[in-house]
Structure formats: C-alpha cells, structure tokens
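Counting from 1, position 179 in the sequence shown corresponds to residue 179 in UniProt numbering; the numbering is continuous, with no gaps.
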Amino acid sequence: MKPIIATAVIAGLLGGAVALGGSALVDHSTSAAPQLATPAATTAAPAQPGSITYAAQAASKFTADIEVAGSQGTAVGSGIVLSPDGYILTNNHVIAGAGGTSAIQVTTADQKTYQASVVGTSPSYDLAVIKLQNASGLTPATLGNSDGLQVGQQVVAVGSPENLSNTVTSGIISNLSRTVTAGDEQGSQVAVYNGLQTDTPINPGNSGGPLVNLSGQVIGVNSAVDTGQASQGGVQAFGLGFAIPINTARRVANELLADGHATKPVLGVTGSLAETNAADVEGAQVTAVSGDGAAAAAGIKSGDVITKVGDQRVTSYADLMAQILTHEPGSTVPITVSSGGQEHTVTVKLGSAVDNAQTTVPSNGNGNGGTGGGTGGLPFP
C-alpha cells in the first residue's frame with residue numbers, strides 16, 4: 001500500500017500547487033513575459049593528477065575496442081595500446097575465437113578502425129598481443145608497478161562492457177593476491193593465475209582493457225569476473241572482478257613482442273585442482289614428480305604437501321599453480337614442504353617451458369562474446 005499512498009500524496013500536492021499557482025499568477029497586465037537567463041559560458045577545469053577524472057582521461061586515450069568475428073557471431077573485448085604503431089595487449093580469451101584473415105577489428109580512441117593479426121598468445125596467463133595494420137601516431141599506455149599497490153587503493157577501469165565503448169568505472173583494490181581459476185562452465189580448458197581483486201565493475205567486454213591507478217598508469221589487465229551462482233539460478237555476486245598484475249603482463253608481453261612466444265616457470269610436479277589431501281595438512285598435495293624436473297632436484301617427492309611458495313601460503317593445488325606463475329622461469333624460489341608430518345623448506349630453481357597450451361576457453365567461435373567462458377563469454381574464477 002505504501003507506493004499507492006505516496007502516489008496519492010504526490011498527486012494531492014501537485015493539485016494544490018496548480019490551484020495556488022493559478023490563483024497567484026493571474027495577471028491582466030501587458031508586461032513582457034519573463035526571459036530565462038542564458039547560462040554563462042564555462043570551461044571545465046583541467047583534471048588534476050590523482051583524481052578519477054584524470055585517470056579516466058588518460059586511460060581512454062590508450063584503450064582500444066576489439067571485435068572478433070567467429071563462427072557463431074561477433075565478440076567484443078578491449079585492449080591496451082603498447083606502441084604508436086599499433087601493438088595491442090589483450091586477453092587470450094578475447095581473440096581465441098578469431099577465424100579468417102579479417103577476423104579481428106580494432107577501433108582506437110580516435111575512432112579509426114584497423115584490421116589486426118595475432119602476434120602471439122600466452123594461454124597460461126590469459127594474455128595475447130595483436131598488431132594493427134598500417135597504424136601510426138597512437139597514444140601508448142604508461143605501465144605502472146603492480147608490486148607497489150595497496151588494498152583500498154582507488155583504481156579505474158576503461159573498456160567496452162556489453163559493447164558500450166569507452167565506459168569508465170571505478171573502485172578499489174580489494175585483494176593483492178587472489179587465485180583465479182578461469183575457464184568454461186564445464187571446468188575444461190582451465191587457466192589458473194594469481195590476480196588482483198577489485199570491486200571496480202568489470203563486465204563482458206571489459207576483458208583485456210586497462211585497470212589504472214589515479215596517475216593513469218596501467219597496473220592490471222582486466223580479465224575475469226565472479227558472478228557467483230547466477231548462471232545456475234543461484235545468488236548473483238557483485239563486485240568481484242579480477243585483473244592480471246601488470247608486472248606479470250609486462251614480462252609476458254615483452255616475450256610475445258620479441259618472438260611471438262612466451263615462457264612460463266615449471267616446478268615439475270603433478271596434482272589436481274580437485275585433489276583432497278590425504279595427509280591432515282593444508283596445502284597442495286603432490287601426486288607425481290617429474291624425474292628430471294626442478295622439484296625432484298630439490299628433493300620434493302610424491303605424497304609431499306607444499307604449504308608455501310616464498311612467503312605466500314598455499315592451501316590448494318590451484319594456489320600452487322598460481323603462485324609458481326608469479327615467478328620468472330629459471331628463478332630460485334624457497335618452497336615449504338610437509339613430508340611425513342615434518343615441515344621443511346627447500347630451494348627450487350624453476351624450470352622453463354614455452355607457453356603453448358590450449359586456449360583458456362573452448363575454441364567455439366565465441367571468443368569473449370559467447371557462452372563458452374561463462375556469462376557473456378567472460379571466464380569465471
């Protein structure tokens with residue numbers, strides 16, 4: 001009944017106002033009708049560094065809209081301009097469904113549209129670099145330092161959610177180290193990486209676009225959103241977006257730019273994302289060890305439980321995968337292992353492998369715009 005009462009009250013007030021106005025405004029004089037003043041011309045003040053407005057203006061100049069033509073329609077995503085001649089960083093799952101010589105079209109901030117080709121992909125990190133044809137004079141992004149971020153720090157995202165070009169949203173960094181398990185709803189073609197968590201609204205079409213600090217520097221590549229159980233008819237989750245830290249993306253992008261391939265660190269153990277530890281120890285259960293791998297050389301054995309990588313706690317095999325990927329191939333990392341109920345730390349020199357795994361979502365022609373990678377094609381962590 002409250003809406004009806006409110007409506008009645010509003011109608012009564014409007015009726016009274018009209019009646020009073022009709023009585024008060026009756027005037028038989030011949031004076032000229034009043035003229036509304038013309039607003040004075042104003043110019044918006046320049047955006048100040050450290051403001052959301054400044055960050056939005058800076059990021060909009062180097063954010064690109066990506067359209068990918070696949071067998072089941074056109075998908076949309078976003079990208080980050082890396083160079084004046086048109087190298088663009090984006091997510092692998094954005095361009096995974098591309099087919100044909102003219103499958104990828106990119107529109108830059110000056111509203112020019114270019115054909116693009118794939119330079120290289122890194123499925124494990126869900127990253128890719130594409131190259132625009134005959135581009136010049138583009139504004140490249142300034143890359144920041146994701147290692148210097150703090151929880152609660154304000155950030156801004158720019159992209160094309162639901163094909164709404166140059167959309168700006170803002171929020172904060174919610175967590176600095178979150179294991180992201182991204183793939184399709186059936187759990188196949190899964191990529192696991194360590195991501196930044198943000199409450200900045202990220203939607204299908206934002207994938208591959210920049211997450212920037214208030215200086216307009218890129219600190220992450222928007223890549224995934226957790227919508228809870230909405231796709232199964234359950235509770236919808238909000239404010240759970242994820243971005244690949246730019247320090248990780250920078251290394252991968254540089255390798256892709258150099259020769260079209262990226263490398264990833266290799267520990268040399270096998271486990272399962274669904275593995276339950278036989279031992280009463282929280283961590284990643286090792287089910288097999290590669291005989292000539294880095295783990296074996298450090299003394300890690302099948303049945304051991306890895307509990308920490310560096311100073312980062314590991315509670316699952318997915319955590320282990322994500323934390324290993326934060327390190328460079330060939331680097332030396334302390335790893336804490338529980339073996340026979342006793343915990344000890346070993347030093348592991350990680351191996352290296354070319355990252356040529358299959359795409360993070362099924363190659364169903366949908367790219368980021370279909371149902372293969374979650375709602376609207378966006379992977380679920």
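Think of the CB as a built atom: it goes at the ideal place given N, C-alpha and C, for glycine as much as any other residue. Here the structure is a predicted model, which means the values were calculated and not measured.
Proximity winner among the options, relative to residue i (alpha-carbon distances)
| i | options | result |
| --- | --- | --- |
| residue 157 | 311, 116, 66, 56 | 56 |
| residue 294 | 115, 280, 270 | 270 |
| residue 322 | 133, 94, 264 | 264 |
| residue 386 | 161, 141, 77, 249 | Residue 386 lies beyond the stretch modelled for the chain, which goes from 1 to 381, so this question has no answer here. |
| residue 99 | 67, 308, 111 | 67 |
| residue 291 | 141, 267, 257, 333 | 267 |
| residue 313 | 179, 257, 287 | 179 |
| residue 344 | 306, 109, 219, 297 | 306 |
| residue 111 | 139, 311, 91, 90 | 139 |
| residue 281 | 202, 201, 342 | 342 |
| residue 346 | 328, 144, 309 | 309 |
| residue 408 | 334, 192, 257, 283 | No answer is possible for residue 408: it lies beyond the span of the chain, which begins at 1 and ends at 381. |
| residue 87 | 219, 58, 253 | 253 |
| residue 144 | 59, 289, 182, 170 | 59 |
| residue 114 | 142, 54, 85, 93 | 85 |
| residue 83 | 92, 132, 240 | 132 |
| residue 319 | 181, 202, 240, 152 | 181 |
| residue 251 | 54, 148, 326, 332 | 326 |
| residue 152 | 142, 311, 174, 141 | 174 |
| residue 338 | 332, 311, 301 | 301 |
Three-state secondary structure assigned by DSSP to residue i
| i | result |
| --- | --- |
| residue 95 | helix |
| residue 323 | helix |
| residue 136 | coil |
| residue 124 | helix |
| residue 148 | helix |
| residue 249 | helix |
| residue 355 | coil |
| residue 130 | strand |
Spatial distance of residue i from residue j (CA atoms)
| i | j | result |
| --- | --- | --- |
| residue 351 | residue 221 | 26 Å |
| residue 172 | residue 340 | 42 Å |
| residue 336 | residue 245 | 24 Å |
| residue 64 | residue 356 | 26 Å |
| residue 97 | residue 37 | 56 Å |
| residue 116 | residue 353 | 27 Å |
| residue 260 | residue 119 | 6 Å |
| residue 176 | residue 196 | 5 Å |
| residue 316 | residue 61 | 40 Å |
| residue 76 | residue 160 | 8 Å |
| residue 134 | residue 262 | 25 Å |
| residue 155 | residue 303 | 42 Å |
| residue 211 | residue 81 | 13 Å |
| residue 150 | residue 349 | 29 Å |
| residue 285 | residue 223 | 28 Å |
| residue 104 | residue 238 | 30 Å |
| residue 136 | residue 109 | 13 Å |
| residue 255 | residue 95 | 18 Å |
| residue 79 | residue 299 | 43 Å |
| residue 426 | residue 283 | Residue numbering for the chain in the displayed model covers 1 to 381; residue 426 lies beyond these limits and cannot be assessed. |
| residue 324 | residue 225 | 22 Å |
| residue 288 | residue 107 | 47 Å |
| residue 170 | residue 200 | 5 Å |
| residue 194 | residue 247 | 12 Å |
| residue 328 | residue 198 | 25 Å |
| residue 257 | residue 92 | 15 Å |
| residue 90 | residue 297 | 36 Å |
| residue 46 | residue 311 | 43 Å |
| residue 334 | residue 219 | 26 Å |
| residue 33 | residue 142 | 56 Å |
query = Are the region 30–45 and the region 67–77 in contact at 8 Å, needing three or more beta carbon pairs?
reply = no
message = Would the region 200–219 count as touching the region 49–64 if we require 3 or more Cβ pairs under 8 Å?
response = yes
key: Completely contained alpha helix (DSSP H) runs for the region 52–96, where each covers 4 or more residues   = 52–61, 92–95
task = Indicate whether the contact test is met: 3 or more Cβ pairs, each with one atom in the region 201–211 and one in the region 257–274, closer than 8 Å.
result = no
ask   = Counting only runs that start and end within the UniProt domain "PDZ" (251–341), where is the beta strand (DSSP E) found for 3 or more residues in a row?
value = 263–266, 305–309, 332–339
task = Starting from the N-terminal side, write out each stretch of the beta strand (DSSP E) that is 3 residues or longer and does not extend beyond the region 167–224.
result = 167–182, 191–198, 210–212
task = Take every Cβ of the region 127–135, pair it with every Cβ of the region 164–171, and state whether three or more of those distances are shorter than 8 Å.
result = no
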